[in-house]
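*Asks:* Going down the list, the sequences are from chains A and B.
Oh and the first sequence: position 109 is 109 in our numbering, straight run, nothing missing.
Remember, our numbering sits 1000 above the position in the second sequence when you count from 1.
Protein chains: 2
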Amino acid sequence: MPEINIRALAKELNLSIGTVSKALKDSYEISAETKRRVLEVAKKLHYAPNPYASSLRRKKSNTIAVVVPEVADSYFSQAIKGIEEIAQLKGYHVLVYLTYESYAREKQILDEFTNGRVDGLLISVSSETCSTGHIEALNSNKVPVVFFDRAIDETDAAKITTNDYDSGYEATRHLIERGCRKIAYLSISNLLVINTKRMMGFRNAMTDSKLHVDDNNIVNCSNDDNENNRILTEVLKQKNRADGIISSVEKLITPVYTICKQLKLQIPADLKVLCFSNLSTAHILNPSLTTITQPAFDMGKMAATVLFKAVEKRNYNWQDENLVIPSKLYIRDSTGG
Amino acid sequence: MPEINIRALAKELNLSIGTVSKALKDSYEISAETKRRVLEVAKKLHYAPNPYASSLRRKKSNTIAVVVPEVADSYFSQAIKGIEEIAQLKGYHVLVYLTYESYAREKQILDEFTNGRVDGLLISVSSETCSTGHIEALNSNKVPVVFFDRAIDETDAAKITTNDYDSGYEATRHLIERGCRKIAYLSISNLLVINTKRMMGFRNAMTDSKLHVDDNNIVNCSNDDNENNRILTEVLKQKNRADGIISSVEKLITPVYTICKQLKLQIPADLKVLCFSNLSTAHILNPSLTTITQPAFDMGKMAATVLFKAVEKRNYNWQDENLVIPSKLYIRDSTGG
DNA sequence: TAAATTCACGAAACCGTTTTCGCTGAAAAT
DNA sequence: ATTTTCAGCGAAAACGGTTTCGTGAATTTA
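1) For aspartate 1073 (chain B), which option in B:Ser1027, B:Asn1315, B:Ala1184, B:Thr1281 has the closest C-alpha, if you only look at C-alpha atoms?
2) Compare the beta carbon distance of histidine 134 (chain A) and threonine 1254 (chain B) with 9 Å and say whether it is the shorter of the two.
3) Take the Cβ of aspartate 1215 (chain B) as the centre, count every other Cβ of all protein chains shown within 10 Å, and call the residue buried at 16 or more, exposed below.
4) Short check: CB of asparagine 115 (chain A) to CB of proline 1051 (chain B), under 9 Å?
5) In chain order, which continuous runs of the alpha helix (DSSP H) of length 4 or greater are located wholly inside the segment 87-165 of chain A?
6) Taking valine 1292 (chain B) as part of the beta strand (DSSP E), name the residues at either end of that continuous run.
7) What does the Cβ neighbour count give for leucine 236 (chain A), buried or exposed, with the cut at 16 atoms within 10 Å?
8) Against chain A, with Cβ distances strictly below 9 Å, would serine 1127 (chain B) count as a contact?
9) Taking Cβ to Cβ, would you say isoleucine 6 (chain A) is nearer than 9 Å to isoleucine 17 (chain A)?
10) Helix, strand or coil, according to DSSP, for glycine 339 (chain A) in the structure here?
11) Rounded to a whole number of angstroms, what is the C-alpha to C-alpha distance between glutamate 70 (chain A) and serine 102 (chain A)?
12) List, in order along the chain, the chain B residues whose C-beta lies closer than 7 Å to that of arginine 117 (chain A)?
13) Around the C-beta of asparagine 190 (chain A), are 16 or more other C-beta atoms found within 10 angstroms, so that it is buried, or is it exposed?
14) Enumerate, from N- to C-terminal direction, the unbroken beta strand (DSSP E) stretches of 3 or more residues contained entirely within the segment 178-262 of chain A.
15) Only counting the same chain, and skipping five residues up and downstream in sequence, which positions put a Cβ closer than 7 Å to that of threonine 1258 (chain B)?
16) Determine whether the beta carbon atoms of aspartate 1208 (chain B) and serine 1327 (chain B) lie at a separation below 9 Å.
17) Counting only beta-carbon atoms, is threonine 63 (chain A) nearer than 9 Å to chain B?
18) Bridge partners of valine 1306 (chain B), per DSSP?
19) With a cut-off of 9 Å, does the C-beta of valine 94 (chain A) fall near any C-beta of chain B?
20) Label asparagine 1338 (chain B) either buried or exposed according to how many other C-beta atoms from any shown protein chain fall within 10 Å of its C-beta, with 16 as the threshold for buried.
21) Looking at the structure shown, is threonine 1063 (chain B) part of a helix, part of a strand, or coil, going by DSSP?
22) Taking only beta-carbon atoms, is methionine 1001 (chain B) less than 9 Å away from chain A?
23) Would you verify that the beta carbon of glycine 1178 (chain B) is, or is not, closer than 9 Å to some beta carbon of chain A?
24) Nearest-angstrom Cα distance between glutamate 1084 (chain B) and valine 67 (chain A)?
25) Among the residues of its own chain, which have a CB less than 7 Å from the CB of valine 94 (chain A), if the five just before and after it don't count?
26) Would you kindly report the start and end of the unbroken alpha helix (DSSP H) that includes tyrosine 1052 (chain B)?
27) Taking C-beta pairs closer than 8 Å, name the residues in chain A that alanine 1048 (chain B) reaches, listed in chain order.
28) Spell out a yes or no on whether the segment 1129-1143 of chain B and the segment 1098-1112 of chain B are touching, meaning 3 or more CB-CB pairs, one atom from each, closer than 8 Å.
29) Are the segment 1302-1317 of chain B and the segment 1263-1271 of chain B in contact at 8 Å, needing three or more beta carbon pairs?
30) Starting from the Cα of leucine 1289 (chain B), find the closest Cα among B:Ile1080, B:Asn1195, B:Ala1184, B:Gly1337 and give me that residue.
31) Leaving out the 5 sequence neighbours to the left and right, which residues in its chain are closer than 7 Å to lysine 1060 (chain B) when beta-carbon positions are compared?
32) Measure from the C-beta of proline 1287 (chain B) to each C-beta in chain A and report whether the shortest distance is under 9 Å.
33) From what residue to what residue does the beta strand (DSSP E) around leucine 1323 (chain B) run?
34) Looking at valine 1219 (chain B) and serine 1187 (chain B), is the spacing between their C-beta atoms short of 9 Å?
35) Have a look at B:Thr1293, B:Met1206, B:Ser1131 and flag the residue whose alpha-carbon is nearest the alpha-carbon of glutamate 1250 (chain B).
36) Taking alanine 1157 (chain B) and glutamine 1262 (chain B) to be in contact with their CB atoms under 8 Å, please state how far apart those CB atoms are, rounded to whole angstroms.
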């Protein structure tokens, strides 16, 4: 839509298009005086180069894509903030896509990226994603992919993750130390690697303490809130109910608290609760919530940093980059302070 | 980066480039049989058209920009979710930019949009923004602008907002009904229109109830957390302290709760608290928080819907669109249930 | 049967940049 | 004085689509 393009600029300056282009890019071929004139007139006419013409010619879009399952979750909000900060610093643009935990959407979105729209991709896979052809297709198309948070181990790409196994173990140890013997573990998808790792940490911590894991206490929730309420109510109502809960998913904490109130279960007296979460309000909840908190902002920043290095430096093996930024346990009242 | 472009496709099919292009767009000029062949081979070769070549020629990017002050806030996360949903439905791409409440950044970002990068803009202005030349420049450049949440009244653009004045009034009425007589009002920037409107509602509600507004109880906070802690501590420590607080900003609720705990102020007994907020955890806080909640998701969806209408239909006066979607008061324990 | 119309496709201009290559005149080297 | 170098710039070919316009054959109409 800009009525003034480089041609108009050139005409105004009595210069050729090529010269103007080079002047704007501060090319050594152009004299200082000419550059000065060009910049001056460009500013006067509010010249703004067409990014798509430039992208077409250079085969470079200065744009990256961020694909995440959702954004209501506070983890992804913070991660995106980290990503955007670095991108703005580097002069890149950020396209955001939500998959709503659907593999089909994820694939559909990624398939669109084989055409040069983006120079790189940051992705946290959907909970349904197990095959990775759509991701490898990008890698082989020379668009670097960096996983953050939810990675796929087998795929040859950079990964910025957190120590999910250790966190699961640590969370469980914490509950055990606080006297829990029957601990329930809540998850959403057991396809999700971060979940299986956390769960593995949970199981091993239990076993190491000679505690039994009841199958009823491995609880698979869904994406449907009503369904989850039903499931969780059932879990918390069963005789011989758990005395501790680890939620591997932030959004399950609301139903857990709500149902406990309904069932008149006291936290932490009757039930100790711990949640993997980035909620800024964790310590003003009722009771304040013990969390394993992921370094969302830093993970976003690191993921973006690695991606830009991959985009800008050729022959840099970004695929080998495998950063693990540890999560942190914040002990609060829901597990007895 | 895609080794296969429309030329390669055409060669494979023994057709001209133009014909292939038209076949892919389902043009009436092309026979059914040819279209079938083209689609078939295109799929076989994983042909993906270069979006920038297309954008360049059509002068249309199928991309919109969303410019918001931040994203850690739950309002904007939800709004973005609504926007992205509509965009995906319409086949548009969404660029996200954060201004960090800085006018300079906002201007810098918007100035980049006069060149066709985006077909439209959704913006919630920074708290520093009062002049609007950068926005009008876009409007006059034929890129439609839709404000959401934080609009600027004087600017001729579509606005999707909520009833800030009424909400401020209603919030105040609620506190008064619950027995408050000295109410403090917390804000961040008094340049922000939504804030001045809420505050006006607050003031009028007070006056209408013959209550005095103490200047000390109009509290301007900053973007610095430590600073805010200092300010709020001071406010809550003063003799003749307020018996009610209205926070017009979500992020101030954490310091308020924290400081109350430190000062051993009981909510709601000593102090009733109400917050403009979209926190999903409001009702499991300690105590559960009375909120004025904005319809973030719906506002995002509406804003996007209006924008796409503006983008797609010419001679549609989107500037006149002025939707007000009401916020809702959720009464919880922090104001006495 | 001749003329008009329709159908299906190809040729080529075009979108706005970037970049290569070539040209010119002046300075430097021989 | 002649050749070489070089600074500074212009011409033109890309980049990969879209779109206008033209064309020949097939079909319809007069």
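A virtual CB, placed ideally from N, CA and C, is assigned to each residue, including glycine.
*Replies:* According to the structure data:
1) B:Thr1281
2) no
3) exposed
4) yes
5) 103-111, 133-140
6) The residue you asked about is not valine; residue 1292 (chain B) is isoleucine in the sequence shown. 1290-1293 is the span of the beta strand (DSSP E), which, as asked, contains isoleucine 1292 (chain B).
7) buried
8) no
9) yes
10) Nothing in the structure corresponds to residue 339 (chain A), since chain A is present only between 1 and 337.
11) 10 Å
12) Pro1051
13) exposed
14) 183-187, 218-220, 244-247
15) none
16) no
17) yes
18) DSSP output for valine 1306 (chain B) lists no bridge partner at all.
19) yes
20) Coverage of chain B is limited to positions 1001 through 1337, which leaves residue 1338 (chain B) absent and any answer about it impossible.
21) strand
22) For methionine 1001 (chain B), the predicted structure reports a pLDDT of 43, less than 50, and the residue's modelled location is therefore unreliable. A value from the coordinates is still provided. Yes, because at least one Cβ of chain A sits closer than 9 Å to the Cβ of methionine 1001 (chain B).
23) At residue 1178 (chain B) the sequence reads arginine, which differs from the glycine that was named. Chain A contact via Cβ: absent.
24) 12 Å
25) Ile64, Val66, Ile83, Glu84, Ala87
26) 1051-1058
27) Asp111, Glu112, Thr114, Asn115
28) yes
29) no
30) B:Gly1337
31) Asp1119
32) yes
33) 1322-1324
34) yes
35) B:Thr1293
36) Wrong, their Cβ atoms sit about 44 Å apart, outside the cutoff.
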